[in-house]
Each structure stands twice: as structure tokens, then as C-alpha cells.
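Residue numbers (the working numbering), protein chains in the order written: chain A, 328 to 440; chain B, 112 to 227.
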């Protein structure tokens, strides 16, 4: 069965510190992987996506993620967090043709000044 | 990127009434639209998938008679919550993909529904 696990519900980091948000997936076929960010009361904005090729993908706002097939992981990273990064982050796996998206439960990021 | 507009952003309705939420693709042809429901402090739950001109495909456990989905054109899908009850209060989000959207789905801003 398809599933996405984000083991960290809340994470707090200091501004300027590095960040890694974990994501593990279970999917029966080649996964298309995504990270989205949601600000309070807002919709979702795509940060980055992985379909194939280079396993390290760069996204917007200085984020990157690395696909590790052997670990079924797609962790999101940022070398230096800004206060404006405080939001909720969702990892998702999609089927080819995008007829389905499966989301993780989300990780809420707090940034300390 | 492509733009999906969802309206209204917030709505309050009385128990027993129906409320319609619109999802529009502004600059591409949305051949497929998805409707999600987000519970407080929970992830997004896919409710249904609709293809333009076809009946929506509902996920298991979603009442199709309660959550009516219409996707009559390539730019508009609607979700109607019929005979709303307080437990239907939630954040509803649509997303769309199709011609001109590239290789991703784009999300609307979401609708906060409160049933009183």
C-alpha cells in the first residue's frame, strides 16, 4: 500500500541553523516525490519535486532534497533557516499521470529568533 | 507556474444548508482535479478525483451524495457540501493538473468551511 511517513510532527530550530525534515515512503512503482509548504490558512506551494535523474534536487527558497531509493527516503534540507520558513511542510508521493497524491502527516517548523 | 483559484476562502453556513466551493484553473486546461480535506493538525486526505466531463471517483469512506463534485469544463470544478453539519467543518483544498500545467498539480488557496 502507498504511504508517506513524516516522523517529526514538530521541529524547532534557531534562525540560521540548518534544517532537515524527514520523509519516508512506501510505493509499489517508481515514485514521483514532492515537498510542499503550507503557511497558516493557505494552500500548498510546491518547493521541489523528483521524477528521475540526479537524486539531489534543488527547489525554491534555498531548499533541496535527496532521493535515496535504498532507504525509501526523500529528506528535505536547508543549510540556513530564515524566520519566514516557519510553516508546515508536507511530503507527497504521486503516481505517474498524477491521478493520485499521497501526503504525509506534515511537519510543523518553528523558527526561534 | 500555473494558477489555481479557489473560492470562497472562508465560508460560514448554518446546519442543514448546502455550500458550494469553486476551483478554477486560470491559465491552463485542468483535465483532472482533486479535492482534499484537511483536518486540524492532520494531513490532507484525498476525497475524490474528477476528470472533465466524467463522474468523480471518490475515495473509500467519502460520501458521494454528501460531497457532490462537478467538473463540467476544463477550467472549473465545484464541490458542494450538501446538508452540512458541524462535523463537515474543515479546510478543503483543490488541486488541478492537465494541459499546460507541466508535470505537477497546482493547488488552490483552500476554503475554510465552518458549519454552525
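The beta carbon of each residue, even a glycine, is placed where N, CA and C say it ideally should be. Quantities reported herein were computed from a predicted structural model and do not represent experimental measurements.
Short Cβ contact (8 Å threshold) for residue i with residue j
i                      : j                      : result
residue 429 of chain A : residue 331 of chain A : yes
residue 337 of chain A : residue 437 of chain A : yes
residue 224 of chain B : residue 201 of chain B : yes
residue 346 of chain A : residue 404 of chain A : yes
residue 350 of chain A : residue 421 of chain A : no
Assumed close pair residue i, residue j - CB separation to whole angstroms, cut-off 8 Å
i                      : j                      : result
residue 117 of chain B : residue 219 of chain B : 3 Å
residue 131 of chain B : residue 189 of chain B : 6 Å
residue 169 of chain B : residue 183 of chain B : With a Cβ gap of about 17 Å, residue 169 of chain B and residue 183 of chain B do not count as contacting.
residue 353 of chain A : residue 399 of chain A : 7 Å
residue 113 of chain B : residue 139 of chain B : 5 Å
residue 221 of chain B : residue 369 of chain A : 7 Å
residue 372 of chain A : residue 384 of chain A : At roughly 16 Å, the Cβ-Cβ gap does not stay under 8 Å, so residue 372 of chain A and residue 384 of chain A are not in contact.
Nearest neighbour of residue i, chosen from the options [CA to CA]
i                      : options                    : result
residue 440 of chain A : A:413, A:433, A:422, A:418 : A:413
residue 187 of chain B : B:134, B:221, B:174, B:155 : B:134
residue 163 of chain B : B:175, B:177, B:142, B:197 : B:142
residue 177 of chain B : B:161, B:183, B:184, B:196 : B:196
residue 434 of chain A : A:344, A:366, A:388, A:407 : A:366
residue 198 of chain B : B:221, B:150, B:217, B:215 : B:150
residue 450 of chain A : A:335, A:339, A:386, A:343 : What the structure shows of chain A is the stretch from 328 to 440, and residue 450 of chain A is not part of that stretch, so it cannot be assessed.
residue 216 of chain B : A:335, A:387, A:362        : A:362
| field | Three or more C-beta pairs below 8 Å linking the region 355-362 of chain A and the region 126-137 of chain B | value | In short, these stretches do not touch, since the Cβ pair count stays below three.
| field | the region 136-146 of chain B / the region 188-205 of chain B touching (three or more Cβ pairs under 8 Å) | value | yes
| field | Continuous alpha helix (DSSP H) assignments of at least 4 residues falling wholly in the region 168-204 of chain B | value | none
| request: Would you be able to state if there are at least three C-beta pairs under 8 Å between the region 386-399 of chain A and the region 368-378 of chain A? | output: yes
| request: At 3 residues or longer, and completely inside the region 369-440 of chain A: list those beta strand (DSSP E) runs for me, N to C. | output: 371-377, 383-385, 391-395, 400-405, 414-421, 428-430, 434-439
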